[in-house]
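Structure record follows, encoded as structure tokens.
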Amino acid sequence: MQGLKLGAHMSISGGVSHALDSAAAVKSNAVQVFTKNNRQWAGPPVDNTDVARWREQMPAGGVEYAVSHATYLINLASPKDDLWAKSQRAQVDELRRAQAYGIRHVVLHPGAHVGSGEDAGIQRIADALNQIHAEDPSVADTLTLLELTAGQGTTLGCSFEQLADIIAKVNDDSRVGVCIDTCHALAAGYDLRNDEGYEAMMSTIQNRIGLDRVGCWHFNDSVFGLNSRKDRHAHIGEGEIGLAGFGLILNDPRWDGVPMLLETPKDNDGDGNDASNLAKLAALVTDHNRLCEGLRP
Ligand SMILES: [Zn+2]
Ligand SMILES: [Zn+2]
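Positions in the sequence shown are counted from 1; adding 1439 to them yields the working numbering.
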């Protein structure tokens, strides 16, 4: 039994490796980072001093898993050729940056078809992934994790069926995985708040995606309700999901070893509420041996 890997998205101000200090400060054993400014297309070259510090700090801080999140600007579904090509180059860059840090997973929003239609958009994403994979085979062990989205606007990837349709069109599907965001799942119509809804979602994941393909979870409560198609994250237990839903996932041994990362609001100056959100999650875990030492109640 591998136990639970819990953590949060952490700021990289001062250098990517500084996120590990923040992860260690809240005694978590997992972290999510950006490997460059997430609102810019290009970043500075990878800082080898920071990479060296990262490789030391990860074991020193007890952080067992790290995932990066790609820039929000990327749209692999874009019908516009220039943006589509730019998006591919940016995702190749994200994979290379992650690999430099030894990060094996890069979460990516699948994209928005902006009027070209679902089928065209899905084909476009798969074609883009195939080009990205051909562009740099040397990053083959760093996977793109397609994130389940809330389905706002023309955003694709708001159902496991859609994610499966994209993956089915990827030539080398060993290079893609899935990230499930709890807030997006509720907003997209998966009622994970009770046993019945959770098990229905689990069957869909097992049948369409496969549990092995799920690289990590984003653990966010949701400001808006079931099927709202709106993406607004809330603190754990303070949104429409509530504590019970998180308890179902945390205590399901099928998710053992699959990391769960907070992307909840950071509205205090200290740890940005991460410690309190992690404590709320830890308190839901019935078998305390599954928690890393720092998070045991
Ligand atoms: Zn997310
Ligand atoms: Zn979100």
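Just so it is clear, CB atoms sit at the ideal spot from N, CA and C, and this is done for glycine as well.
Treat the numbers as computed from the prediction; the structure is a model and nothing was measured.
query	result
Beta-carbon within less than 6 Å of Pro1549's beta-carbon, same chain only, minus the 5 sequence neighbours each way: which residues are those?	Ile1564, Leu1585, Leu1595 and Gly1596
Note down, one range per segment and in chain order, each alpha helix (DSSP H) of at least 4 residues found wholly within the segment 1588 to 1672.	1599 to 1607, 1621 to 1626 and 1634 to 1643
Counting C-beta neighbours from all protein chains within 10 Å, is the total for Lys1475 16 or more, i.e. buried, or is it exposed?	buried
I think Val1455 touches Val1470, with their Cβ atoms under 8 Å apart; what is that distance to the nearest whole Å?	Actually they do not touch by this definition, with Cβ atoms about 10 Å apart.
Kindly identify the DSSP beta-bridge partner or partners of Thr1583.	Val1545 and Val1615
Looking at the structure shown, is Gln1471 part of a helix, part of a strand, or coil, going by DSSP?	strand
Beta strand (DSSP E) containing Val1506: first to last residue?	Tyr1504 to His1508
Is Cys1597 close to ligand 2? I mean its beta-carbon at under 7 Å from any heavy atom of the ligand.	no
Taking its Cβ as the centre, do 16 or more other Cβ atoms sit within 10 Å of Gly1711, making it buried, or is it exposed?	buried
Can you tell me which of Leu1547, Ile1605 and Gln1530 puts its alpha carbon nearest to the alpha carbon of Glu1574?	Gln1530
Leu1445 by DSSP, collapsed to three states: which one?	strand
Which of the three DSSP states, helix, strand or coil, is assigned to Leu1700?	strand
Are the segment 1510 to 1524 and the segment 1550 to 1570 in contact at 8 Å, needing three or more beta carbon pairs?	yes
Tell me whether Asp1580, by its Cβ, gets closer than 7 Å to a heavy atom of ligand 1.	no
Heavy atom of ligand 1 less than 7 Å from the Cβ of Glu1638, yes or no?	no
Could you give the first and the last residue of the continuous alpha helix (DSSP H) run that contains Ala1714?	Asp1713 to Leu1723
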